[in-house]
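Chemist: Got a structure for you, written out below as structure tokens; questions coming shortly.
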Amino acid sequence: MKNAVSTQKAPAAIGPYSQAIVCGDMIFTSGQIPIDPATGELVQGGIEAQTTRVFCNLREVLAEAGASLDDVIKVNVYVKDLADFAALNEVYATFFTQPYPARSCVEVSALPKGALVEIEIIAKKS
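Here it is, written out as structure tokens:
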């Protein structure tokens, strides 16, 4: 059985999808872009500010599902420019501790609303 996760503390879906789906003890988030849930606007300020906003949004979605960033198993990162990889890693390291989740990071040609980064995660409830 699968259940949709929805919280007003993270941006609402901008299409026909859920913020996350819980299936058993697994949580699968949709990709989050750096939208401020209070304003509905894309956060400005470069890759650092946008990555921080994305992880804050993901943290809220996980909390609504009964988990935290400590429960993350896999992270998929999509960036507009791989030249931002080092700066993204600096922010990323502030949200996770060892053992770090498995991760993929790929450059893409475009992201919704002109975002610089989109991140999705898989977590397991502890």
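Residues in the sequence shown are numbered consecutively from -8, following the working numbering.
C-beta atoms are modelled at their ideal positions from N, C-alpha and C, and glycine is treated no differently.
1. Would you identify the three-state DSSP class for Phe19, choosing helix, strand or coil?
2. For Leu73, name the three-state secondary structure that DSSP assigns.
3. Nearest to Val97 by alpha carbon, out of Phe76, Tyr91, Ile5, Lys0?
4. Starting from Glu111, follow the alpha helix (DSSP H) in both directions and report where the run begins and ends.
5. Spell out the partners DSSP gives Cys14 in its beta bridges.
6. From what residue to what residue does the beta strand (DSSP E) around Glu32 run?
7. If you compare alpha carbons, which of Ala3, Glu81, Lys(-7), Gly37 is closest to Leu49?
8. For Val66, which beta-bridge partners are listed by DSSP?
9. Pull up the distance between the alpha-carbon of Glu39 and that of Gln23, whole angstroms please.
10. For the alpha helix (DSSP H) holding Leu53, just list the boundary residues, first then last.
Modeler: For this structure:
1. Position 28 of the sequence shown, counted from the start, is the residue given in the question as residue 19. In this structure, Phe19 counts as strand in the three-state DSSP scheme.
2. In the sequence shown, residue 73 corresponds to position 82, counting from 1. Residue state, collapsed to three classes: helix.
3. For the purposes of this step, residue 97 is identified with residue 106 of the sequence shown, where counting begins at 1. Per the Cα distances, Phe76.
4. One-based indexing of the sequence shown puts residue 111 at position 120. Taken as a continuous stretch (DSSP letters only), Glu111 belongs to no alpha helix (DSSP H), being part of the beta strand (DSSP E) at 108 to 115.
5. Within the sequence shown, residue 14 is the residue found at index 23, counting from 1. Lys(-7), Met17.
6. Start at 1 with the first residue of the sequence shown, and residue 32 comes out as number 41. First-last for Glu32: undefined, no H or E at that position.
7. Walking along the sequence shown from the start, residue 49 turns up at place 58. If we check each option's Cα against that of Leu49, Ala3 comes out closest.
8. Reading the sequence shown from its first residue, position 75 is the one you call residue 66. According to DSSP, which records beta bridges pairwise, Val66 is partnered with Arg94, Ile112.
9. Stepping through the sequence shown from its first residue, residue 39 is reached at position 48. Stepping through the sequence shown from its first residue, residue 23 is reached at position 32. Approximately 15 Å, taken between the alpha carbons.
10. Numbered from its first residue, the sequence shown carries residue 53 at position 62. Segment 37 to 55, the alpha helix (DSSP H) holding Leu53.
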